[in-house]
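Since the structure comes first, as C-alpha coordinates, the remarks are kept for the end.
Residue numbers (UniProt numbering): 1 to 120.
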(Lines of atoms letter the chains of each structure in order from A and count residues from 1; the text may use other names and numbers.)
(Lines give C-alpha, C1' and ligand atoms only; values in the text may rest on other atoms or scores of the structure.)
Protein backbone atom coordinates (compact mmCIF):
# COMPACT_ATOMS: atom_id res chain seq x y z
CA UNK A 1 0.00 0.00 0.00
CA UNK A 2 1.40 3.38 -1.02
CA UNK A 3 1.50 5.89 1.81
CA UNK A 4 2.22 9.57 1.69
CA UNK A 5 3.10 12.31 4.14
CA UNK A 6 -0.54 13.41 4.10
CA UNK A 7 -1.19 10.14 6.01
CA UNK A 8 1.31 11.27 8.69
CA UNK A 9 0.46 14.98 9.10
CA UNK A 10 2.24 15.20 12.46
CA UNK A 11 5.60 14.95 10.66
CA UNK A 12 4.90 17.60 8.00
CA UNK A 13 5.85 20.70 10.07
CA UNK A 14 9.33 19.37 10.91
CA UNK A 15 9.91 18.15 7.34
CA UNK A 16 8.98 21.66 6.13
CA UNK A 17 11.26 23.27 8.76
CA UNK A 18 14.25 21.18 7.67
CA UNK A 19 13.51 21.75 3.97
CA UNK A 20 13.29 25.52 4.55
CA UNK A 21 16.56 25.47 6.52
CA UNK A 22 18.30 23.99 3.47
CA UNK A 23 16.99 26.82 1.30
CA UNK A 24 18.86 29.21 3.61
CA UNK A 25 22.01 27.02 3.80
CA UNK A 26 21.62 26.31 7.53
CA UNK A 27 23.28 22.88 7.37
CA UNK A 28 25.48 23.43 10.43
CA UNK A 29 22.46 24.34 12.56
CA UNK A 30 20.56 21.22 11.45
CA UNK A 31 23.50 18.93 12.25
CA UNK A 32 24.11 20.62 15.62
CA UNK A 33 20.44 20.21 16.60
CA UNK A 34 20.38 16.56 15.53
CA UNK A 35 17.98 17.36 12.67
CA UNK A 36 20.46 15.99 10.10
CA UNK A 37 22.48 12.80 10.62
CA UNK A 38 24.73 10.85 10.16
CA UNK A 39 26.47 13.17 7.66
CA UNK A 40 28.29 16.42 8.28
CA UNK A 41 27.07 19.84 7.17
CA UNK A 42 29.70 19.81 4.41
CA UNK A 43 28.56 16.39 3.16
CA UNK A 44 24.90 17.45 2.98
CA UNK A 45 25.82 20.72 1.26
CA UNK A 46 27.96 18.87 -1.32
CA UNK A 47 25.24 16.28 -1.96
CA UNK A 48 22.64 18.98 -2.53
CA UNK A 49 24.94 20.95 -4.83
CA UNK A 50 25.74 17.80 -6.81
CA UNK A 51 22.11 16.67 -7.10
CA UNK A 52 20.93 20.09 -8.27
CA UNK A 53 23.95 20.75 -10.51
CA UNK A 54 24.63 23.97 -8.61
CA UNK A 55 21.08 25.37 -8.83
CA UNK A 56 19.53 26.90 -5.72
CA UNK A 57 16.86 25.12 -3.69
CA UNK A 58 13.42 26.69 -4.03
CA UNK A 59 10.39 26.36 -1.74
CA UNK A 60 8.36 23.19 -2.08
CA UNK A 61 4.64 23.57 -2.81
CA UNK A 62 2.39 22.26 -0.04
CA UNK A 63 0.86 19.62 -2.31
CA UNK A 64 4.27 18.26 -3.32
CA UNK A 65 5.36 18.15 0.33
CA UNK A 66 2.25 16.29 1.45
CA UNK A 67 2.58 13.86 -1.48
CA UNK A 68 6.05 12.80 -0.28
CA UNK A 69 6.33 9.02 -0.03
CA UNK A 70 6.45 7.22 3.32
CA UNK A 71 7.91 3.72 3.72
CA UNK A 72 8.23 1.43 6.73
CA UNK A 73 11.80 0.40 7.48
CA UNK A 74 11.77 -3.24 8.49
CA UNK A 75 14.49 -4.58 10.72
CA UNK A 76 16.12 -1.23 11.51
CA UNK A 77 17.09 -0.86 15.15
CA UNK A 78 16.16 2.78 15.74
CA UNK A 79 14.23 4.10 12.71
CA UNK A 80 10.69 3.07 11.80
CA UNK A 81 9.80 5.22 8.78
CA UNK A 82 11.53 6.74 5.79
CA UNK A 83 10.02 9.83 4.11
CA UNK A 84 11.05 10.89 0.58
CA UNK A 85 10.30 14.49 -0.42
CA UNK A 86 11.18 15.95 -3.84
CA UNK A 87 13.54 18.91 -4.00
CA UNK A 88 12.55 21.94 -6.04
CA UNK A 89 15.18 24.07 -7.74
CA UNK A 90 15.26 27.11 -9.99
CA UNK A 91 13.93 24.97 -12.85
CA UNK A 92 11.02 23.50 -10.86
CA UNK A 93 10.84 19.98 -9.50
CA UNK A 94 14.21 18.26 -9.78
CA UNK A 95 15.02 14.54 -9.82
CA UNK A 96 16.56 14.85 -6.35
CA UNK A 97 14.95 13.85 -3.05
CA UNK A 98 15.50 14.58 0.61
CA UNK A 99 15.28 11.39 2.65
CA UNK A 100 14.06 11.76 6.22
CA UNK A 101 13.97 9.13 8.93
CA UNK A 102 11.48 8.86 11.79
CA UNK A 103 12.67 7.18 14.97
CA UNK A 104 10.69 4.31 16.49
CA UNK A 105 11.05 5.73 20.00
CA UNK A 106 8.40 8.45 20.30
CA UNK A 107 10.30 9.95 23.25
CA UNK A 108 13.45 10.43 21.15
CA UNK A 109 14.31 14.04 20.36
CA UNK A 110 14.38 14.97 17.62
CA UNK A 111 11.96 12.32 16.41
CA UNK A 112 12.54 13.08 12.71
CA UNK A 113 15.78 14.02 10.94
CA UNK A 114 17.28 14.51 7.48
CA UNK A 115 19.09 11.32 6.57
CA UNK A 116 20.24 11.79 2.97
CA UNK A 117 19.98 13.85 -0.20
CA UNK A 118 20.10 11.88 -3.45
CA UNK A 119 18.97 11.31 -7.01
CA UNK A 120 17.50 7.79 -7.23
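From the three backbone atoms N, C-alpha and C, an ideal C-beta is built for every residue, glycine too.
Helix, strand or coil at residue 25 [DSSP, three-state]: Counting from one through the chain shown, the residue named residue 25 turns up at place 25. Look at residue 25 here: in three-state DSSP terms it is coil, with no helix or strand label.
Within 10 angstroms of its Cβ, does residue 71 collect 16 or more other Cβ (buried), or is it exposed? Within the chain shown, the letter at position 71 stands for residue 71. With fewer than 16 other Cβ atoms within 10 Å, it is exposed.
For the alpha helix (DSSP H) that contains residue 65, what are its first and last residues? In the chain shown, the residue the question calls residue 65 occupies position 65. Where residue 65 is concerned, the enclosing alpha helix (DSSP H) stretches over 62 to 66.
I'd like the span of the beta strand (DSSP E) that includes residue 96, first residue to last. Residue 96 sits at position 96 when you count from the first residue of the chain shown. Start and end: 92 to 103.
Cross-strand partners of residue 86 (DSSP beta bridge): The residue given as residue 86 occupies position 86 in the chain shown. According to DSSP, residue 86 bridges with 97.
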